[in-house]
Ligand code: FAD
Ligand code: S2G
Ligand code: ZN
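In full-length UniProt numbering, the protein residues as written are 52 to 497.
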């Protein structure tokens, strides 16, 4: 069971001196009462009970302790440090909640370069530590490009001040990249500087229906050609997702029932120009019947309603019982083949097999549900899903990271020499194994 506690490995164990140190360092802010720690000791999916913690919205069991680890919460580190409204470069503490940063920037005519369904709780430090992707990656790129600098506290207490606010700096190794996506295993991120785009003057969202995934892919190609630089998101969900949204969240499907649904967002600086391009595109895909039905929103509340059909799939799934989540990168034309193959492979063992995700990033969210935890179902899914992904040279974790649950499957997406080098870097930066032990790296390299 991927979420189960692993065997004890030669990592440090917490001592009374450790606890005494933190009690002196943070008087009144160290919590040891098990009841008060309950919500921090369980992950968002409630699948791992058993480190630095941000918003605790991670989905791979990376943010919760396994044995006796101390959780470092960033919740009180929520200050914006600087914002330059010429360059759009924001510097802030790691515990800023993503949605608060978005609001702060939007008041100043800028936006965050990432957006995800967990924005109300996740911290920017957690986003950087997981190298979160989200709904805007297609347009603004990943955090590997938008993060300009980091302040990181190393395992021996040294503060690494790489909090640059320059777009270009080629002086030596780009050390911040080591910490982006390292899931708290190499250092504690305490501040982030990030390049933020201007808030678009015109946003449109089109919600379209397609009768096959092939037609969805052709719509994507047409969309990229005809919308070009104003395209800011291309997401999909399948009919199974839509029925869960209707059933559990009482959301309404705004168009005719279809096997596939697409959310397309445009973001530009000239509403007339954008609407003209969008309508030409819609005319093209409707007349060529790539798309069977659709609706467009330009006004904020309708835009939000259309986006919630994509953003709330995760929430709808939680009402179906136990969810086995697979966050897979594949060649974009293969992403739905995995859903179909998995349905054939599982037959009636699973209650739901659904597919949704970020088409533009070649990132599928394959979710399989059963009324409760089912070891036989898990054995039918894993390692089948990882072998399938590896065969198509995909990634077994596109954006959520490996955490506790997927740490031992890293070899499906990385050669052993690479994993060994990761182990050497980990040993150099965290020789006592005090930083988020049992996460990201497989047990066999410690
Ligand atoms: P936590 O869960 O608290 O921690 C995550 C990892 O980062 C842990 O390993 C933790 O140790 C480490 N960490 C946290 N803070 C620090 C720090 N300051 N320094 C060092 N390490 C740290 N993810 C996506 O990529 N794309 C999506 O579209 C997306 N949508 C989501 C939608 C929903 C509804 C939910 C619940 C989750 C979604 N996620 C998505 C997953 C999750 O929100 C991201 O992984 C997010 O970046 C986690 O941030 P957090 O602050 O909650 O981190
Ligand atoms: C998304 C959220 C987590 C999941 O909705 O884009 O990353 O797999 C996901 O449901
Ligand atoms: Zn996602």
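From the three backbone atoms N, C-alpha and C, an ideal C-beta is built for every residue, glycine too.
- Here residue 483 really is in contact with residue 63; their C-beta atoms are around 5 Å apart, less than 8 Å.
- Per DSSP, residue 144 is not a residue of any alpha helix (DSSP H); the beta strand (DSSP E) it occupies stretches across 140-144.
- Near ligand 3, residues with a Cβ at less than 7 Å from any of the ligand's heavy atoms are 167, 184, 185, 378, 408, 409, 414, 416 and 450; the list follows chain order.
- Judged by DSSP secondary structure, residue 274 falls within the alpha helix (DSSP H) whose first and last residues are 264-278.
- Sorting 291, 253, 385 and 228 by C-alpha distance to the C-alpha of residue 354 places 253 at the top.
- Residue pairing for residue 348: DSSP places it in a beta bridge opposite 256.
- The three-state secondary structure of residue 249, taken from DSSP, is strand.
- When the five nearest sequence neighbours on each side are left out, the beta carbons in the same chain lying within less than 8 Å of the beta carbon of residue 464 are those of 440, 441, 445, 446, 447 and 448, in order along the chain.
- DSSP links residue 416 through a beta bridge to 378 and 407.
- Taking a 10 Å sphere around the C-beta of residue 456, we find 16 or more other C-beta atoms and assign the residue as buried.
- DSSP places residue 441 outside any beta strand (DSSP E); the residue lies instead in the alpha helix (DSSP H), whose first and last residues are 435-442.
- In the same chain as residue 303, and ignoring 5 residues on each side of it, the C-beta atoms closer than 8 Å to its own belong to 297, in chain order.
- Taking each of 470, 453, 487 and 481 in turn and checking the Cα distance to residue 182, the smallest one comes out for 453.
- Under the rule that a run must span 3 or more residues, the beta strand (DSSP E) segments found entirely inside the segment 52-139 read 131-135.
- With contacts defined as CB atoms closer than 8 Å, residue 288 and residue 364 qualify as a contacting pair.
- DSSP lists no bridge partner for residue 176.
- Taken atom to atom, the span from the alpha-carbon of residue 224 to that of residue 126 is near 31 Å.
- DSSP, read as helix, strand or coil, puts residue 323 in helix.
- At a cut-off of 7 Å, the beta-carbon of residue 418 counts as near ligand 2: some heavy atom of the ligand is closer than that.
- Burial of residue 414 is indicated by the presence of at least 16 other C-beta atoms within 10 angstroms of its C-beta.
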